[in-house]
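**Student:** Quick one: structure below, then a few questions.
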Amino acid sequence: MKKYIYWHLQQAQEFAFKIVGKDMKQQLEFSGKEADRYNFDVLVSVEADKAFRVASKSLKKYKELLDQWKLRSDSSISSYLSKHKVDKQIIEAGKGRLNYQYVRSIYYTMGANDLKEIPSGYLKQADKYLFNNDNLLNSLEYQSAIKYKYIDHVQTNNEKPIGVIYQRIQSKLQRKTREYALALLTGEYARKGGIKDSLMIRQMLSELRLKKLDSSYLDYLLDNEMRYFVIGKPLPANVLEGTILTGYSVEKSLNLAELLSLYKGKSMYIDLWASWCSPCRSDIKGSAEIKK
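Laid out in structure tokens, this is it:
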């Protein structure tokens, strides 16, 4: 199992660290001028990691265990800060990471259980943490919480949930956090490769290109646009449903979408011919023999 420790480094600072503890309890211990600050970051990472070990098949029990983890983590942070001096901005970032690790865990576990009924009060505490701190966008906990709450968790009977999610993000989030969520939404659905979402994805890409987004977001969008519209080359719904085909050896007609569904997950070679073209019909007979 891999463990990740995040800490904020400043230029022109000297520090030293050693690895203490054994097995899964190994962690970094800093010494030097800014040791209190770096050891605080280590403590936050260690506490955040403990949330992944909380498990239960019952959502009600899971929330109880996660609430206990949060109380213990908050207590550990308070105890450390009572003995060490840490910059206010670093403290807020560390506490924010633990808060959104809680949100991420609540929504991820709810989605993984795929339950229709959510226990009363299950989301109450998680929904108290608002997504209004753009400074936390560099933390995985904040990013993951956005994904699981605003993109993966969608309760709708709409055939095109991407549109519902888009409107929800537009109305609930602001500033850089909203831009990140929209970029992530576009990328997530582009990777799915769903043809029915192509018009909405085009619209979102066009709108996001007009915004002054972070360069990393733009690179992410460009990469997914290439994958979706160039590499995948999905056909629009009107082509899939409006292209009526007749089997060469049978009288039954079907549209292109129905034909493709018969070969889902397989590689295909498609030659489109004009049914009204007499030479084409002759070529079809020869082509069929060659492909055998």
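Going by the working numbering, the residue at position 214 of the sequence shown is 216; the numbering climbs one at a time, nothing skipped.
Just so you know, even glycine gets a beta-carbon here, dropped at the ideal spot from N, CA and C.
Count the other CB atoms within 10 Å of the CB of residue 187; is the residue buried (16 or more) or exposed (fewer)?
**Tutor:** buried
**Student:** Quick check on this structure: which residue in 115, 193, 179 has the alpha carbon closest to the alpha carbon of residue 226?
**Tutor:** 193
**Student:** Return the chain-ordered list of same chain residues with a C-beta closer than 7 Å to the C-beta of residue 196, the five sequence neighbours on each side being excluded.
**Tutor:** none
**Student:** Run through the DSSP bridge pairs and tell me what residue 256 is partnered with.
**Tutor:** 247
**Student:** Answer yes or no: the CB of residue 109 versus the heavy atoms of the ligand NAD, is any distance below 6 Å?
**Tutor:** As far as ligands go, the structure on display features none, and thus does not contain the ligand NAD.
**Student:** Quick one: what's got a C-beta closer than 7 Å to residue 133's C-beta in the same chain, skipping five residues either side?
**Tutor:** 148, 175, 179
**Student:** Is the beta carbon of residue 92 less than 7 Å from the beta carbon of residue 55?
**Tutor:** Against a cut-off of 7 Å, the Cβ pair of residue 55 and residue 92 comes out as no contact.
**Student:** Just the Cα atoms here: how many angstroms apart are residue 185 and residue 253?
**Tutor:** 47 Å
**Student:** Helix, strand or coil: which one does DSSP assign to residue 137?
**Tutor:** helix
**Student:** Note down, in chain order, each residue of its chain lying with its Cβ closer than 6 Å to the Cβ of residue 146, except the 5 sequence neighbours on either side.
**Tutor:** Cβ contact annotation for residue 146 (same chain, cutoff 6 Å, sequence separation greater than five): 106, in chain order.
**Student:** Among residues of its own chain, excluding the 5 on either side of residue 102, which ones have a beta-carbon nearer than 6 Å to its beta-carbon?
**Tutor:** 143, 144, 147
**Student:** Quick one: give me the first and last residue of the alpha helix (DSSP H) that residue 109 is part of.
**Tutor:** 90 to 115
**Student:** Touch check for the region 38 to 52 and the region 78 to 98: three-plus C-beta pairs under 8 Å?
**Tutor:** Three or more Cβ pairs drawn from the region 38 to 52 and the region 78 to 98 lie within less than 8 Å of each other, which places the two stretches in contact.
**Student:** So the candidates are 90, 191, 152; which of them puts its Cα closest to the Cα of residue 173?
**Tutor:** Of the listed residues, the one whose Cα sits closest to residue 173 is 152.
**Student:** Let me make sure I understand the geometry here. Which of 223, 108, 238 has the alpha-carbon closest to that of residue 129?
**Tutor:** For residue 129, the closest of 223, 108, 238 by C-alpha to C-alpha distance is 108.
**Student:** May I have the straight-line CA-CA distance separating residue 87 from residue 267, to the nearest angstrom?
**Tutor:** 58 Å
**Student:** Mind checking which residues open and close the alpha helix (DSSP H) that includes residue 58?
**Tutor:** That residue, residue 58, is in no alpha helix (DSSP H); it is neither H nor E in DSSP.
**Student:** Tell me, to the nearest whole angstrom, how far the beta carbon of residue 258 is from that of residue 247; I am working on the premise that it is less than 8 Å.
**Tutor:** 6 Å
**Student:** Check residue 119 in the structure and name its three-state DSSP category.
**Tutor:** coil
**Student:** Going by CA-CA distance only, name the one from 61, 242, 97, 238 that's closest to residue 124.
**Tutor:** Closest in alpha carbon position to residue 124, among 61, 242, 97, 238, is 61.
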